[in-house]
Amino acid sequence: MLLQDKVVVVTGGANGIGRALCRRFADEGAAAVVVTDIDEAAALKLADEIGGIGIGIGCDVGSEADVQKVVTRTVEEFGRIDLFCSNAGITVNGGLETTDAEWERMWQVNVLSRVYAARAVLPAMLARGSGYFLQTVSAAGLLTEIGSASYSVTKHADLAYAEWLSSIYGREGIGISCICPLGVETDMLDPNDPIHQFLQVAAITPEQVADSVVEGLNDEQFLILPHPEVAEFFQMKADDHDRWLRGMQRLNQKLTKKRSRRAA
Ligand SMILES: NC(=O)c1ccc[n+]([C@@H]2O[C@H](COP(=O)([O-])OP(=O)(O)OC[C@H]3O[C@@H](n4cnc5c(N)ncnc54)[C@H](O)[C@@H]3O)[C@@H](O)[C@H]2O)c1
């Protein structure tokens with residue numbers, strides 16, 4: 000899929016990976032770039048920077064009414080949506096201590112948001128016989144994230160939903176790709192957290208992620224892996240799940256020790 004002349008929506012588009020995608024899609028010749036974010040002021044500012052083809056809309060992707068509002072406004076202004084990028088995502092550090100309210104918010108923002116987008120956009124795409132979804136998942140959706148049970152689970156669910164969409168609608172003109180990076184230099188990485196420090200060692204810029212996305216969309220690849228080593232880790236997991244888990248246990252021990260030393 001080429002970005003030229005496409006009408007594109009990006010959620011969580013005002014910062015980090017989403018912002019880099021919006022700028023890059025505009026550079027690639029998109030017909031319209033709809034920047035949506037819970038931070039409405041930042042969305043409007045970026046749309047302004049992009050110029051004539053950009054509009055900004057405030058939207059909490061955890062609310063189906065908000066997602067529907069974005070879709071309705073985009074179709075009113077530009078006639079269709081060619082590419083819907085479910086990029087907005089959040090994290091909550093922790094394991095057993097994660098509260099039900101936190102689990103529910105993670106579920107809404109990282110998973111249900113994708114369901115709301117498909118419900119709102121897919122019928123018109125199917126009627127036209129073309130359309131594309133890009134989900135910002137994470138390497139945590141293929142592997143795991145030691146520091147956050149809720150992030151690992153919801154990112155697996157995000158990937159599972161994308162696999163389901165592709166299986167059901169892939170032969171009806173609907174494309175889908177999932178971006179699965181390791182660390183990316185955005186506000187999501189906490190420089191004081193040893194696990195995030197570990198991710199920062201190999202962290203790439205949001206612009207590098209956008210480069211991989213343009214390439215991956217062009218090739219219509221389901222998995223877009225801006226860190227190529229993720230393919231190796233995923234292969235290791237598939238080859239020997241128990242061995243892979245033992246490796247994760249060792250890594251957890253190492254990082255927990257580092258965390259305890261920091262807390263002491
Ligand atoms: N940074 C990383 O290391 C990394 C790695 C892999 C995957 N990701 C994923 O990339 C995506 C983007 O994260 P980022 O790293 O650019 O973070 P970021 O914090 O820089 O940007 C996230 C954006 O999403 C917006 N947002 C948050 N909650 C929202 C909501 N409910 N509705 C609409 N917008 C909302 C924020 O205002 C912000 O503009 C997320 O899905 C994240 O899980 C990040």
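Residue 0 is where the sequence shown starts when you use numbering that gives the first Met the number 0, and the numbers rise one by one after that. Beta carbons are placed, not taken as given, at the ideal position from N, Cα and C, and that holds for glycine.
- Distance between Glu-48 and Leu-198, taken at the CA atoms: about 31 Å.
- For a cut-off of 8 Å, the C-beta gap from Tyr-115 to Val-183 is around 24 Å, too long to register as a contact.
- The residues Ala-19, Leu-20, Arg-23, in chain order, have a CB closer than 6 Å to that of Ala-209 in the same chain once the five nearest residues on each side in sequence are set aside.
- In terms of CA proximity to Val-229, Leu-141 leads the group Gly-61, Leu-141, Leu-111, Gly-50.
- Taking C-alpha positions only, Gly-130 is separated from Cys-177 by approximately 15 Å.
- Per the DSSP secondary-structure output, Gly-146 pairs with nothing in a beta bridge.
- For Val-7, the Cβ stays outside the 6 Å cut-off from all heavy atoms of ligand 1.
- As computed with DSSP, Tyr-131 is found in a beta bridge with Leu-82, Gly-174.
- The straight-line gap separating the alpha-carbon atoms of Leu-224 and Glu-231 is approximately 11 Å.
- Here Trp-102 has Ser-149 as same chain residues with Cβ atoms under 7 Å from its own Cβ, once five neighbours each way along the sequence are excluded.
- Val-69 has its alpha-carbon roughly 18 Å from the corresponding atom of Gly-51.
- DSSP places Gly-57 inside the beta strand (DSSP E), whose first and last residues are 53-57.
- By the 16-neighbour rule on beta-carbons within 10 angstroms, Arg-242 is exposed.
- For Ile-54 and Gly-174, the gap between their C-alpha atoms comes out near 24 Å.
- Nearest in C-alpha terms to Ala-262, of all of Trp-106, Arg-72, Phe-132, Pro-193, is Pro-193.
- Using a cutoff of 6 Å, the CB of Ile-37 counts as near ligand 1, since one of the ligand's heavy atoms is closer than that.
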